[in-house]
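All letters in the sequence shown, in the order written, are residues 1317 to 1884 by the working numbering.
Backbone N, C-alpha and C fix where the C-beta goes; we use that ideal spot for every residue, glycine too.
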Amino acid sequence: MRFLLSTLAATALLAGCNDSTTETQTEAPAPKSEADAAAADYDITRQYEKFAEVPMNPDVSFLTETERGVVNKLIEASDYLSKIYLLQRGANYPQLRYEIQQRAVKGDVEAVTQLAMFDLHYGPCDTLEDDNRVFVGDTPCPAGAGFYPVDMTKAEFEQWIADNPADKAAFTSGYTVIRRTDDGGLTAIPYHIEYAEYLKPAAALMREAAAMTENANLKTFLNLRAEAFLTDEYFQSEMAWMDLDGPIEIAIGPYEVYDDGLFAYKTAYESFVTVKNPDESAALAKYKDFLVDMERNLPVAESYKNFARGFESPIAVTYQVHGGGDNENGVQTIAFNLPNDERVREAKGAKKVILNNVLGAKYDRILGPIGERVLVPDQAKLTAKKWMSNNTLFHELSHSLGPGTITVDGVETTVNAQLKDLSSGLEEGKADVMGAYNILYMMERGELDIADKEAYLATYFSGKFRSMRFGTGAAHAKGAAFQYNYFRETGAAEWLPEEKRFRLDFEKLEQAISDLTGKIVMIQGNGNYDQAKHFLDRYLPLDAAAKTVLNQLDDIPYDIRPVYPEAL
């Protein structure tokens, strides 16, 4: 594996981000405390090897030569978004990467390893670790990533808005960065200005792709999204994205707020370049027709249900051929539900995109083997890839359900705005447990095979451990942790110390899924930050049983490092 590590890093040496420099790393002192001892025990090579390399060679034989040309333009554009994303992770990270690269070129073996890790995690911090452990230097990764001044506190930001209310819209916008002024104050700079160096060529490539394609809807989207890159006005292009059809499915732009650990305001650039399997998409498309019924069936009072959103919600089963930016960082995405703009969701719903080749690789290499370590043998054998796939689909469908735009103290706002940094973890957990609730509902209606209920529940519960391995600092891991703890509290999962496995009480688990779905929807609908914090404080810490299981998964990859073709 060390040869593989060195080979990958050597390849990365040829793709430096810029010609900046930074201070060289100094040798760390000998451990003097428990914290220092833990740092000394950190094995960077082992951490890198937790991601299994998987070549991705999706079948694109059905694409025409013109379509291949369009995809290749989008791959080029995606690479510019990766450069922006590195800046968003940390304003000095391109400079820091260059320094590591230079040391590696000079034969520093440690730097070769660090460079491979840096490229995997888009920065000097191990995103698998709860504390985002630094593996280069000793400067902690900033909670606000590269979106805010590293010395800015939450209190300073909030006080600035209180003193300068006219700045609130710009400061809380998902498309601005906050910077220091010469006099020590704060100012908001639009993305299209801050990242113009990369957005302009990316937009040009998008327009070139638009000129090539013969698909009218794709042409419209690409032109509108190119314009949005230069204006930060994304609404029209998001609406157009919902209408995409044909074999090329592209999501490209600033979307998720996970990296903004201060407020979850700022969006990160990413790209998913995929090709669509029309037959598989059609087979799953029927479930979007049940979204209204799913909303109506939620186990909450009518006041918490949301029928204002659009319910078009197209479903695309795709094969990813290239990624960019936030899509590539650390743990790999197996599906996504976009756009996040509540205005678009209320008009048209949201699109669910399944990355089938990524999902399949994760089941084969990770979830299948994990099930054997989590559950007693007679339940472990029930897990199945198709239920991981269905769980993923219904997770994404459930992002379109429940509270979105809400009213708090007579003022219209959104769940994200009210719950701030807590919103992402709650939302991922909500989508997960509500997805399970909706699968059980579909079984009751005869749309899914109810005879497979126990197989589904075994797969679903095992999946919590796949997510919790990412460290409870990650949104998906937080969602998995509070589900696990709730199921333990309700007796749905019994720990057998001698076997070091869980035995599920399927009847209790089914009831707990329903109850937890209701609790999360109400927390979101109330929009009460303190209530949300109290819930997470109670249900996030993992017990000894969970830690025992997690510790016996060490030989199973944590995730994959997909290797995509550079061009079609």
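Spanning the alpha carbons of L1698 and D1395 requires a straight line of approximately 41 Å. The bridge partners DSSP lists for G1569 are E1586. Burial is judged here by how many other beta carbons sit within 10 angstroms of a residue's own beta carbon; L1431 has at least 16 and is buried.
In its chain, beyond the 5 residues on either side, N1533 have a beta carbon closer than 6 Å to the beta carbon of D1561.
The DSSP-derived three-state label of H1638 is strand. In the three-state scheme derived from DSSP, where H, G and I count as helix and E and B as strand, F1463 is classed as coil. Judged by DSSP secondary structure, V1837 falls within the alpha helix (DSSP H) whose first and last residues are F1822 to N1842.
Per DSSP, T1361 lies in no beta strand (DSSP E); the unbroken alpha helix (DSSP H) holding it starts and ends at I1360 to E1365.
Across the structure, I1766 and Y1511 are spaced so that their CA atoms are roughly 51 Å apart. For R1419 and F1434, the gap between their C-alpha atoms comes out near 14 Å. Taking the Cα positions, Q1868 is about 35 Å away from S1398. Beta-bridge pairing by DSSP links C1441 to V1450. Ranked by how close their Cα comes to the Cα of D1875, the residues Q1799, T1488, K1535 and F1367 have F1367 in first place. In this structure, DSSP gives D1875 an extended state, which the three-state scheme calls strand.
Looking from the CA of T1469, the closest CA among E1426, K1516, G1577 and I1505 belongs to G1577.
If you look at L1654, you'll find it in the beta strand (DSSP E) that goes A1651 to L1654. When only Cα atoms are considered, F1786 and G1795 end up about 11 Å apart. Judged by beta-carbon spacing, F1588 lies within the 7 Å limit of A1567, meaning their Cβ atoms are closer than that value. With 16 or more other CB atoms across the displayed protein chains lying within 10 angstroms of its CB, F1710 is buried.
Here T1503 is bridged, per DSSP, to R1495.
The Cβ-Cβ distance between L1521 and E1392 falls below 7 Å. I1670: member of the beta strand (DSSP E) spanning K1667 to L1671, first to last residue.
Exclusion of the five residues before and after P1517 leaves Y1396 as the residues of its chain whose Cβ lies within less than 7 Å of its Cβ. As DSSP reads the structure, P1371 sits in a beta bridge with V1879. About 6 Å separates the Cβ atoms of I1686 and F1781, confirming a contact at the 8 Å cut-off.
By alpha-carbon distance to Q1411, the top candidate from P1440, E1426, Y1753 and K1389 is P1440. Taking the CA atoms as reference points, D1609 sits about 10 Å from L1717.
In the three-state reduction of the DSSP assignment, A1790 falls in the coil class, being assigned neither a helical nor a strand state. Residue pairing for F1818: DSSP places it in a beta bridge opposite L1691 and W1811. In this structure P1615 touches T1833 by the C-beta definition: roughly 6 Å separates them, less than 8 Å.
If you look at V1421, you'll find it in the alpha helix (DSSP H) that goes Y1409 to V1421. One Cα belongs to Q1404, the other to L1713, and the distance between them is close to 29 Å. Here K1863 is exposed, its C-beta having fewer than 16 other C-beta atoms within 10 Å.
By alpha-carbon distance to D1548, the top candidate from K1664, L1773 and H1508 is H1508. In this structure, V1879 and P1374 do not form a Cβ contact; the two beta carbons are roughly 12 Å apart against a cut-off of 8 Å. Remark: C-beta atoms of I1631 and L1671 do not approach each other more closely than 7 Å.
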